[in-house]
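To start, the structure itself, in structure tokens.
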Amino acid sequence: MTTILKIGGSLEADPARLRALLAEVAECVHGRCIVVPGGGAFADAVRADQIRDGFDDAEAHRRALDAMGRMAVFFRSLEPRLVRSVAPWADDAAACVWDPVSLRAGHPDIPESWDVTSDSLALWLAARLRAGRCVLVKSADAAADESPALLAQRGLVDAAFPAFAMRYGGPIAIWGPTRRVTLQQRVAA
Numbered sequence: 000m001t002t003i004l005k006i007g008g009s010l011e012a013d014p015a016r017l018r019a020l021l022a023e024v025a026e027c028v029h030g031r032c033i034v035v036p037g038g039g040a041f042a043d044a045v046r047a048d049q050i051r052d053g054f055d056d057a058e059a060h061r062r063a064l065d066a067m068g069r070m071a072v073f074f075r076s077l078e079p080r081l082v083r084s085v086a087p088w089a090d091d092a093a094a095c096v097w098d099p100v101s102l103r104a105g106h107p108d109i110p111e112s113w114d115v116t117s118d119s120l121a122l123w124l125a126a127r128l129r130a131g132r133c134v135l136v137k138s139a140d141a142a143a144d145e146s147p148a149l150l151a152q153r154g155l156v157d158a159a160f161p162a163f164a165m166r167y168g169g170p171i172a173i174w175g176p177t178r179r180v181t182l183q184q185r186v187a188a
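Residue 32 in numbering that gives the first Met the number 0 sits at position 33 of the sequence shown, with consecutive numbering throughout.
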């Protein structure tokens, strides 16, 4: 089974937890694990640059993908046993960290705006790979009864997350600092 594990850039503030997670991924013995890095401080710099320089959301999206790529390099520096992959759908490394540089040219399924962050990109990758589950590691906890829409409303995930969750359709878990929950997805009637 393939697991997509999105590790938020906010975990830079918790280096012990970050190193432990990356080591756990590197020792993956049950299936395949692909880390989707958040953009962290690099993405925060893109937001600040966009405000200062006034470039559009499409350019900000491309720069945010670069920020994720920089985090992929950083994660590998912390855990060298991870393989860096720009196309995890084409290689079979058991434990890798995804660098989304190939999306810089655009993809018809991915809007180029701040509505799509690494949270939604993790779901996009999970759908593309038909992953058995998608886990988002966050610096805040979620409740098991929270829907993807509610998580987006309260800002724990990005605005596009509910739509990407519907397209993925598989199990989604949120691992906060004190709680690990699996979301019970409900389709709105």
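Even for Gly, the Cβ is constructed at its ideal location relative to N, Cα and C.
Check, Outcome
"Which of helix, strand or coil DSSP assigns to Gly169", "coil"
"For Arg83, the residue or residues it bridges with in DSSP", "Val96"
"Whole runs of the alpha helix (DSSP H) within the segment 142-166, excluding any shorter than 4 residues", "147-152"
"In DSSP terms, what Leu135 is bridged to", "Lys5, Ile173"
"Per-residue DSSP class, three states only, for Pro110", "coil"
"Endpoints, alpha helix (DSSP H) assigned at Val34", "Taken as a continuous stretch (DSSP letters only), Val34 belongs to no alpha helix (DSSP H), being part of the beta strand (DSSP E) at 31-36."
"Residues near Thr44 by beta carbon distance below 7 Å, same chain, minus five either side", "Looking at the sequence shown, residue 44 is not Thr but Ala. Nothing meets the Cβ criterion."
"Spatial distance of Pro161 from Trp174 (CA atoms)", "18 Å"
"Close Cβ partners of Ser9 (< 8 Å) along its chain, the five nearest in sequence each way excluded", "Gly37, Gly39, Lys137, Ser138"
"Neighbour flag for Met70 against chain C, beta carbons, 9 Å", "You won't find chain C in this structure, because it holds only one protein chain."
"Cutoff 7 Å; reference Leu155; Cβ partners in own chain excluding five residues on either side", "Lys137, Ala139, Ala141"
"Proximity winner among Arg127, Leu122, Glu145, relative to Leu135 (alpha-carbon distances)", "Leu122"
"8 Å CB neighbourhood of Arg179 in its chain, flanking five on each side removed", "Ala172, Ile173"
"Residues near Val72 in its chain [Cβ-Cβ closer than 8 Å; skip 5 each side]", "Arg83, Asp98"
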